[in-house]
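J.: Would you mind keeping the following structure in view while I ask a few things?
There are 2 protein chains.
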Amino acid sequence: MGGPEVDHLISLLARLPGMGPRSARRAALRMLQQPEQRMLPLARALTSAAAAVKPCADCGNLDSQDPCSICADPRRDHTLICVVEGVGDLWALERSGAYHGLYHVIGGTLSALSGVRPEDLNMASLLSRVDEGEVKEIILALGATVDGATTAHFLADQLRPTGVTVTRVGQGVPIGGALDVLDDGTLAAALRGRRSA
Amino acid sequence: MGGPEVDHLISLLARLPGMGPRSARRAALRMLQQPEQRMLPLARALTSAAAAVKPCADCGNLDSQDPCSICADPRRDHTLICVVEGVGDLWALERSGAYHGLYHVIGGTLSALSGVRPEDLNMASLLSRVDEGEVKEIILALGATVDGATTAHFLADQLRPTGVTVTRVGQGVPIGGALDVLDDGTLAAALRGRRSA
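Protein chains in written order, with the working numbering: chain A, -6 to 190; chain B, -6 to 190.
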């Protein structure tokens, strides 16, 4: 419907996370009815974001400045580095407002099945940052999956000789979560991680 | 996160139908990780669709040709015009595959509450098309809402002096439902079950 340009636009929109063919059609139609107000601004925003945003050479965060606005912020605690799998995890931690140190995005997890080896991840630069001497603690905030745990073990081993403190984010019952809907692994982790009330 | 370009992009994506702040962040991040493969193609598709797509001067459909590919198709039944509220309804009927006539998009419904009068809708051109003499039947496929029914009554009154047969889709359209969210089978049943207005 609407010619090849519209079909192509719908197929690209449908590939976005959270969109499907139906919502892509609705989005395309809504934009086609107001091309000046809705379509061209989005096209321009995509083009300028693609041009401006680059990975930070220090931490791997995506930002329009390099070093990124987090690495460049003197008010943040530069003795603390939180290691995350991806930029989405970094964004989630930033939204929580609970962390004021720096980050290091390693870009995935080690995986024997998918053939991801240490040299495929952004790990060497983490050791370089630690070697510079300012860092006192590395917080491993990797996913609570088998691969995430493997990666955390590997990193902890690599970091041990540097003498830096290495910690791992706590696992347990999510805030607002009911116990009877949680899986056994989470409940076991919550029991292991119990603290004095 | 990621600078002003990313914040702006996320705010525009979040305004698309079916998207919210969370899915907009995920979509932006996915695209930022592959700007060449995902971001710039979407920007180009938006720009070219905005430039190519215009309303059809005959029926009001949005298409990259004018008259639109439906009006220009000699294999379609040019004695039959289906009147719809919007282009989304036209797309839905086309997907059902149950209709092979022409369309007329009036662009909404009459509404006393919202102050939509006959002259605000694309109605005069429908009467002109009937006056040209080729049309034998007008199918009113308006939403089964109060305003949709009011508009159908009004159009049936306007069309009566021309002597053209006026029918209304009936069976299958749920009360309070909009056409563009219906399944194809229901739309096909609604077309088969049309009655004299």
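Cβ coordinates follow ideal geometry from the N, Cα and C atoms, glycine included. Remember, predicted model here, so these are calculated numbers, not experimental data.
How about Leu152 of chain A and Val123 of chain A: do their beta carbons lie closer than 9 Å?
T.: yes
J.: Expressed to the nearest angstrom, what Euclidean distance is found between the alpha-carbon atoms of Glu130 of chain A and Thr160 of chain A?
T.: So the alpha carbons of these two residues sit roughly 7 Å apart.
J.: Using only CA atoms, which one of A:Thr143, A:Thr158 and A:Leu114 lies nearest to Cys52 of chain A?
T.: A:Leu114
J.: For a test of the three-state rule: what should DSSP assign to Gly94 of chain A, helix, strand or coil?
T.: strand
J.: Measure the alpha-carbon distance for Gly170 of chain B versus Ala36 of chain B and round it to whole angstroms.
T.: Answer to the nearest angstrom: the Cα atoms are 34 Å apart.
J.: Between the beta-carbon of Leu120 of chain B and the beta-carbon of Leu95 of chain B, is there less than 9 Å?
T.: Contact flag unset, no.
J.: Residues of the stretch 1 to 19 of chain A in Cβ contact with chain B at a cutoff of 7 Å, in chain order, please.
T.: His1, Leu2, Leu5, Leu9, Pro10, Gly11, Met12, Ser16, Arg18 and Arg19
J.: Between A:Asp173, A:Ala43, A:Ser62 and A:Met24, which lies nearest to Arg31 of chain B when the distance is taken from Cα to Cα?
T.: A:Ala43
J.: According to DSSP, is Ser189 of chain B helix, strand or coil?
T.: Assignment of Ser189 of chain B by DSSP, reduced to helix, strand and coil, places it in the strand class.
J.: Reducing DSSP to helix, strand and coil, say where Ser118 of chain A ends up.
T.: helix
J.: Would the stretch 95 to 113 of chain B and the stretch 52 to 64 of chain B be scored as touching if the rule is three or more Cβ pairs under 8 Å?
T.: With a cut-off of 8 Å, the stretch 52 to 64 of chain B and the stretch 95 to 113 of chain B count as touching, because enough Cβ pairs lie within range.
J.: Please state whether DSSP places Leu9 of chain A in a helix, a strand or coil.
T.: coil
J.: Starting from Pro(-3) of chain B, find everything on chain A with Cβ-Cβ shorter than 8 Å and list it in chain order.
T.: Ser57
J.: Going by Cα to Cα distance, which pick from A:Gly(-4), A:Ala21, A:Cys49 and A:Ala65 is closest to Leu5 of chain A?
T.: A:Ala21
J.: May I have the straight-line CA-CA distance separating Gly178 of chain B from Leu9 of chain A, to the nearest angstrom?
T.: 28 Å
J.: Keeping to the same chain, check which residues put their C-beta closer than 8 Å to that of Pro60 of chain A; ignore five residues upstream and five downstream.
T.: Around Pro60 of chain A: Cys49, Ala50, Asp51 and Cys52.
J.: With distance defined between alpha-carbon atoms, name the residue in B:Gly79, B:Arg68 and B:Arg18 nearest to Gly136 of chain B.
T.: B:Gly79
J.: Does Leu184 of chain B have its Cβ less than 9 Å from a Cβ in chain A?
T.: no
J.: For the candidate residues B:His1, B:Leu103, B:Thr158 and B:Pro111, whose alpha-carbon lies nearest to that of Cys75 of chain B?
T.: B:Thr158
J.: In the structure shown, what three-state DSSP assignment does Thr179 of chain B receive?
T.: helix
J.: Looking only at its own chain, which residues have a Cβ that is under 6 Å from the Cβ of Ala183 of chain A, when we skip the five neighbours before and after it?
T.: Excluding sequence neighbours, Ala183 of chain A sits near Gly165 and Val166.
J.: Counting only the same chain and skipping the five closest in sequence on each side, list residues whose C-beta sits under 7 Å from that of Arg69 of chain B.
T.: Excluding five sequence positions before and after Arg69 of chain B, the CB atoms of its chain that fall closer than 7 Å to its own CB belong to Ile63, His93, Gly94 and Leu95, given in chain order.
J.: Do Arg187 of chain B and Ala91 of chain B count as a contact pair if the criterion is CB distance below 9 Å?
T.: no
J.: Please report whether the beta-carbon of Ala91 of chain A lies at a distance below 9 Å from any beta-carbon of chain C.
T.: As a matter of chain content, chain C is missing from the structure shown, whose protein chains are A and B.
J.: Say whether chain B places a C-beta atom closer than 9 Å to the C-beta of Val80 of chain A.
T.: yes
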